[in-house]
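All residue numbers for the sequence shown refer to full-length UniProt numbering, where the first residue is 1 and numbers rise by one.
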Amino acid sequence: MVLTDCSILLVDDEKQISEINERLLSEDGFKNILRASTGKEADEIIGKNQVDLVVLDIMMPDISGLMLYEQWKKRGLNIPVIFLSARDEETSRLKGLGLGADDYVTKPYTPEELLLRIKAILRRTYHLTENKVVDLGAVRVDLSSGIVIRPDGETELTAKEFQLFSKLYDNRGKIVSLNVLMDTLWPDGSYGLENSLIVHVRRLREKIEENPSTPEYLQTVRGLGYRLNIRGRK
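Right, here's the structure in full:
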């Protein structure tokens, strides 16, 4: 099993926070994401589903996350847990970790920080690796081999195309400036290589896009740079 196959349960009574966390996990490739807004609902999900990690808010409307986790431990459930709390109280932190929780995040936090902690705990607990295959609709890019898998066959990325795609993938969903991309491809000096970058982008599109003339994934942001949108069209 790879990292993104793991099942994540998000337990938080604040709907907006759960939605943001779910979207971030989904965009990073996680396929099995469950949500609960109360302790009772979370307990029911745990009883019916295979859950590999729980992100558990301490301040729940019906039962505290600490108390719920204590109940799970008494029942012999050893599921990795990251506690979320709006309170930056040392006693809560120590109690949560004392119960055996794997981590503790205080609100407000960045979703990216939570994602990194989730992945670190999954790797450590289950000795997993990340999925190196990026799905772009009918096209897949294997980052471990630099091969593009298309319905009509396979093709390899050149070294520059691989560097370009990797940089965009590391910053997926965000604009990467022309200067940053040129410095990535030509670290010894990129002055005057704007046209060369455009050529590499065009060739990369020909390999990863179904219709390179109207790109769905590798998008141009005029005057700023490029963005890899792995979700495709909105």
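C-beta: ideal position from N, C-alpha, C; glycine also.
- Message: Beta-carbon within less than 8 angstroms of residue 193's beta-carbon, same chain only, minus the 5 sequence neighbours each way: which residues are those?
- Response: The residue labelled residue 193 in the question sits at position 193 within the sequence shown. Answer for residue 193: 182, 185, 186, listed in chain order.
- So residue 13 and residue 80 are in contact, right, with Cβ under 8 angstroms, and what is the actual spacing, rounded? Here the question's residue 13 lines up with position 13 in the sequence shown. Here the question's residue 80 lines up with position 80 in the sequence shown. That belief does not hold up - the Cβ atoms of residue 13 and residue 80 are roughly 21 angstroms apart, past 8 angstroms.
- May I have the straight-line CA-CA distance separating residue 124 from residue 38, to the nearest angstrom? Counted from its first residue, the sequence shown places residue 124 at position 124. Counted from its first residue, the sequence shown places residue 38 at position 38. Their Cα atoms are separated by approximately 28 angstroms.
- Message: By alpha-carbon positions, which one of 84, 49, 161, 82 ends up nearest to residue 206?
- Response: Your numbering for residue 206 matches position 206 in the sequence shown. It is 161.
- Under the three-state DSSP convention, the category residue 83 falls into: As a working note, residue 83 is residue 83 in the sequence shown. Residue 83 falls in the strand class under three-state DSSP.
- Closest by C-alpha distance to residue 77, when choosing among 167, 155, 43, 200: Sequence index remark: in the sequence shown, residue 77 carries index 77 (1-based). Answer by Cα proximity: 43.
- Query: residue 235 to residue 148, Cα distance in whole Å?
  - Reply: Within the shown structure, residues of the chain are numbered from 1 to 234, placing residue 235 beyond reach of any answer.
- Task: Decide if the segment 27–37 is in contact with the segment 1–12; the criterion is three or more beta carbon pairs, one per stretch, under 8 angstroms apart.
- Result: yes
- Query: Roughly how far, in whole angstroms, is the beta-carbon of residue 82 from the beta-carbon of residue 172, given that I think they are within contact range, below 8 angstroms?
  - Reply: Taking the first residue of the sequence shown as 1, we reach residue 82 at position 82. Taking the first residue of the sequence shown as 1, we reach residue 172 at position 172. With 8 angstroms as the limit, residue 82 and residue 172 do not qualify as a contact, their Cβ atoms being about 23 angstroms apart.
- Message: Considering only their Cβ atoms, is the gap separating residue 99 from residue 69 smaller than 8 angstroms?
- Response: By 1-based counting over the sequence shown, the position of residue 69 is 69. By 1-based counting over the sequence shown, the position of residue 99 is 99. It is a contact, given that the beta carbons lie within the stated cut-off.
- Query: Would you call the CB atoms of residue 164 and residue 224 closer than 8 angstroms?
  - Reply: Here residue 164 refers to the residue found at position 164 when the sequence shown is read from its first residue. Here residue 224 refers to the residue found at position 224 when the sequence shown is read from its first residue. No. Outside cutoff.
- Query: What distance in whole Å lies between the Cβ atoms of residue 174 and residue 227, which are believed to be in contact at a cut-off of 8 angstroms?
  - Reply: Here residue 227 refers to the residue found at position 227 when the sequence shown is read from its first residue. Here residue 174 refers to the residue found at position 174 when the sequence shown is read from its first residue. Going by Cβ atoms, the distance from residue 227 to residue 174 rounds to 6 angstroms, so yes, they are a contact pair.
- Along the chain, where does the beta strand (DSSP E) that runs through residue 32 open and close? Translated into the one-based positions of the sequence shown, residue 32 becomes position 32. Run containing residue 32: 32–36, per the beta strand (DSSP E) assignment.
- Distance between residue 65 and residue 23 (C-alpha atoms, nearest Å): In the sequence shown, counting from the first residue as 1, residue 23 sits at position 23. In the sequence shown, counting from the first residue as 1, residue 65 sits at position 65. Using only the alpha carbons, I get a separation of about 23 angstroms.
- If you draw a straight line from the C-alpha of residue 209 to the C-alpha of residue 53, how long is it? Locating residue 209 in the sequence shown gives position 209, where the first residue counts as 1. Locating residue 53 in the sequence shown gives position 53, where the first residue counts as 1. Roughly 35 angstroms between the two C-alpha positions.
- Looking only at DSSP bridge pairs, what is residue 155 linked to? Within the sequence shown, residue 155 is the residue found at index 155, counting from 1. The partner list for residue 155 (beta bridge, DSSP) reads 148.
- Message: For residue 3 and residue 144, what's the separation of their Cα atoms in angstroms?
- Response: The residue labelled residue 3 in the question sits at position 3 within the sequence shown. The residue labelled residue 144 in the question sits at position 144 within the sequence shown. Between residue 3 and residue 144, the C-alpha separation is close to 15 angstroms.
- Could you spell out the range, first to last residue, of the alpha helix (DSSP H) harbouring residue 17? Against the sequence shown, residue 17 aligns to sequence position 17. Residue 17 -> alpha helix (DSSP H) spans 15–27.
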